[in-house]
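>
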Amino acid sequence: KAGVTQTPRYLIKTRGQQVTLSCSPISGHRSVSWYQQTPGQGLQFLFEYFSETQRNKGNFPGRFSGRQFSNSRSEMNVSTLELGDSALYLCASSFSFRDRGFYEQYFGPGTRLTVT
Amino acid sequence: AQSVSQHNHHVILSEAASLELGCNYSYGGTVNLFWYVQYPGQHLQLLLKYFSGDPLVKGIKGFEAEFIKSKFSFNLRKPSVQWSDTAEYFCAVNAGKLIFGAGTRLAVHP
Chain A
1 KAGVTQTPRY LIKTRGQQVT LSCSPISGHR SVSWYQQTPG QGLQFLFEYF
51 SETQRNKGNF PGRFSGRQFS NSRSEMNVST LELGDSALYL CASSFSFRDR
101 GFYEQYFGPG TRLTVT
Chain B
1001 AQSVSQHNHH VILSEAASLE LGCNYSYGGT VNLFWYVQYP GQHLQLLLKY
1051 FSGDPLVKGI KGFEAEFIKS KFSFNLRKPS VQWSDTAEYF CAVNAGKLIF
1101 GAGTRLAVHP
């Protein structure tokens, strides 16, 4: 079974721009979560989508948003980029039931975003 | 508040030494616990998981972890480490989202 894939793998953007990252989950997984990884803050949860609905959200500003498509693929968008948004953005997919949350999560390789 | 605490940020061992990495969590709901590993240049991989049942769980590559409910702990162990175990290890609790510890960097010297 193919793993979680993320595109692009590397991205350089300028402050004020916006960016869209893409994630394709493992086949059959309907839950997709996004995390931000930085040296200072570690791994922090952004949001989780299940069946095209945001099911959970972390403590990030509204500039961070996401969506999920009917094929479970997900995108996250960051608008008005700031220098502090430079990070590794990880996508994770999981098998899940609607009312029981997710089981173990499987991570993609991440998108390395650099904001200059 | 929900949190995960990993006691050691950096650990250095020689090959064949035993390993124990500490993890304590704070979460009031049903506990699902995980250890993930991130090898240099690679993505996060699931090492082992605890959902219920036997509190001693075995994972890949000879790792095991013990869930001690009374101590809110989920420590990772390996009897004899190898150079290839050099990596960063993350403990996490499922609180509707994964809450990760800060990670422990393990360096194993030949």
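Chains as they are written, first to last, in the working numbering: chain A, 1 to 116; chain B, 1001 to 1110.
C-beta: ideal position from N, C-alpha, C; glycine also.
When we look at the beta-carbon of tyrosine 10(A) and count the other beta-carbons within 10 Å, is it buried (16 or more) or exposed?
Exposed.
> Could you check how far apart the C-beta atoms of lysine 1078(B) and phenylalanine 1063(B) are, in whole angstroms? I think they sit under 8 Å.
Lysine 1078(B) to phenylalanine 1063(B), Cβ: 5 Å. Contact.
> Looking at the C-beta of lysine 1097(B), does it have a partner C-beta in chain A at a distance below 7 Å?
True, the Cβ-Cβ gap to chain A drops below 7 Å.
> Could you give the distance in angstroms between the alpha-carbon of glutamate 48(A) and the alpha-carbon of tryptophan 34(A)?
Roughly 6 Å between the two C-alpha positions.
> Taking the C-alpha atoms as reference points, what is the distance between serine 65(A) and phenylalanine 1072(B)?
If you take the alpha carbons of serine 65(A) and phenylalanine 1072(B), they lie about 34 Å apart.
> Using the DSSP secondary-structure output, state which residues sit across from glutamate 1088(B) in a beta bridge.
Paired residue(s): Gln1038(B) and Arg1105(B).
> Extract the residue ranges of the beta strand (DSSP E) inside the stretch 33-97 of chain A, only unbroken runs of 3 or more that lie entirely within it.
DSSP runs (the beta strand (DSSP E)) wholly in the stretch 33-97 of chain A: 42-50, 53-57, 64-68, 74-78 and 87-94.
> If we count the other Cβ atoms within 10 Å of its Cβ and call it buried at 16 or more, is arginine 156(A) buried or exposed?
Residue 156(A) lies beyond the range of chain A shown here (1 to 116); nothing can be said about it.
> How would you list, in chain order, the residues of chain B whose beta-carbon sits under 9 Å from the beta-carbon of glutamine 54(A)?
Result: empty, since nearest Cβ-Cβ is about 12 Å, beyond 9 Å.
> Looking at the structure shown, is lysine 1058(B) part of a helix, part of a strand, or coil, going by DSSP?
If DSSP states are grouped into helix, strand and coil, lysine 1058(B) belongs with the strands.
> By Cβ distance, which residues of its chain are closer than 6 Å to glutamate 52(A), with the 5 residues on each side in sequence left out?
If we look at glutamate 52(A) and ignore the five residues flanking it on each side, its Cβ neighbours are Gln68.
> For the putative contact between glutamate 1020(B) and glutamine 1082(B), defined by C-beta atoms under 8 Å, what is the C-beta separation to the nearest angstrom?
Not really, about 16 Å apart at Cβ, beyond 8 Å.
> For tyrosine 1089(B), which option in Tyr1039(B), Lys1097(B), Gly1053(B) and Val1057(B) has the closest C-alpha, if you only look at C-alpha atoms?
It is Tyr1039(B).
> Relative to chain A, which residues along the stretch 1040-1052 of chain B have a C-beta separation below 7 Å, given in chain order?
Cβ contacts with chain A come from His1043, Leu1044, Leu1046 and Lys1049.
> Name the chain B residues that come within less than 8 Å of tyrosine 106(A), Cβ to Cβ?
Simply Leu1046.
> Can you list, in chain order, the residues of its chain whose CB lies under 7 Å from that of glutamine 44(A), leaving out five sequence neighbours each side?
Hits under 7 Å: Tyr35, Gln36 and Gly58.
> Along chain B, in chain order, which residues have C-beta atoms closer than 7 Å to that of glycine 42(A)?
Those within 7 Å of glycine 42(A) in chain B are Phe1100, Ala1102 and Gly1103.
> Report the option in Tyr103(A), Gly110(A) and Leu113(A) whose CA atom is closest to the CA atom of serine 1052(B).
It is Tyr103(A).
> Check this for me: beta carbons of threonine 1086(B) and alanine 1065(B), under 7 Å apart or not?
Contact: no.
> Can you check whether the C-beta of proline 109(A) is within less than 7 Å of a C-beta belonging to chain B?
Yes, contact with chain B.
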